[in-house]
Ligand code: ADP
Ligand code: ADP
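Residue numbers (the numbering used here): 289 to 513.
Written out as structure tokens, the structure is:
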């Protein structure tokens, strides 16, 4: 469903930086792929290209057969900080996207209830972000991403700012979400334990220039709840 073919990315500037060099990567529908590597190896750049936030320099990148040119609701992105609107309730934060897109109200309200249930925040629909813990805010961020009914979830170190215990809870929650919805996940991390715990496949990257140097199929049985 996702195809990177010979994708390179150079950031122009006084000294040009080649962030990615001839990356080939295929991700199937429903697959959970981790991008693992040290800081600066191009993980975020790869994710941002797929999100449509940045143009490629060379190569081809397609999503569901279409050349990626701009962001779209089929590819939802979750960052380290959920960046919720602080003046809006959980419910209004999650329904913001579908309202802007003028989606059918009955449909998005039903979907919002489902997603809040999935992330365990039904009881918090009227709370403001400041009343929630970091993990709970990140769960709102995941619900907000999923409410658009994306085909892929792109996550850039989503649990990097959380304490160890919350992080474990969020990893389990993400696995539950993924097993329930069966959507593709591209997950950026520099934490090998996290990559092994979560992913079907780990793409290991190295820097200067950024490349995928190894792909590892994970055979470990996943913890199930
Ligand atoms: P990672 O996510 O693995 O830490 P990045 O994708 O953020 O790596 O960065 C890869 C390389 O591209 C780094 O050398 C970084 O400094 C450079 N880079 C990233 N974004 C930009 C930008 N907007 N302008 C210039 N250089 C950038
Ligand atoms: P995090 O999502 O950051 O791991 P916790 O699950 O530790 O947050 O919850 C922080 C506080 O909020 C705890 O006191 C917990 O009891 C409460 N809490 C979290 N989720 C729920 C929930 N779904 N229902 C009721 N209370 C919750």
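All residues carry an ideal CB built from backbone N, CA and C; glycine is no exception. From a predicted model like this one, the values you see are computed outputs, not experimental measurements.
Compute every distance between the C-beta of residue i and the non-hydrogen atoms of ligand 1, then say whether any falls below 6 Å.
{"i": "residue 491", "result": "no"}
{"i": "residue 330", "result": "yes"}
{"i": "residue 341", "result": "no"}
{"i": "residue 494", "result": "no"}
{"i": "residue 307", "result": "yes"}
{"i": "residue 303", "result": "no"}
{"i": "residue 333", "result": "yes"}
{"i": "residue 299", "result": "yes"}
{"i": "residue 345", "result": "no"}
{"i": "residue 327", "result": "yes"}
Is it buried or exposed, residue i, if we count other Cβ atoms within 10 angstroms and call 16 or more buried?
{"i": "residue 303", "result": "exposed"}
{"i": "residue 513", "result": "Because the pLDDT at residue 513 is just 47, under 50, the model does not fix this residue reliably, and the point stays unresolved."}
{"i": "residue 353", "result": "exposed"}
{"i": "residue 390", "result": "exposed"}
Could you work out which residue in the options is closest to residue i when comparing CA atoms only?
{"i": "residue 300", "options": "331, 315, 310 and 342", "result": "342"}
{"i": "residue 408", "options": "484, 457, 472 and 475", "result": "457"}
{"i": "residue 483", "options": "310, 305 and 320", "result": "320"}
{"i": "residue 374", "options": "417, 312 and 451", "result": "417"}
{"i": "residue 450", "options": "432, 474, 466 and 421", "result": "421"}
{"i": "residue 331", "options": "504, 502 and 494", "result": "494"}
With DSSP run on the structure shown, which of helix, strand or coil describes residue i?
{"i": "residue 444", "result": "strand"}
{"i": "residue 358", "result": "coil"}
{"i": "residue 377", "result": "coil"}
{"i": "residue 513", "result": "With a pLDDT of 47 at residue 513, under the threshold of 50, the modelled position of this residue cannot be trusted; read the value that follows with caution. Residue state, collapsed to three classes: coil."}
{"i": "residue 341", "result": "coil"}
{"i": "residue 500", "result": "strand"}
Examine ligand 3 and report whether any of its heavy atoms sits within less than 6 Å of the Cβ of residue i.
{"i": "residue 296", "result": "In terms of ligand content, the structure shown lacks ligand 3 and carries ligand 1 and ligand 2 instead."}
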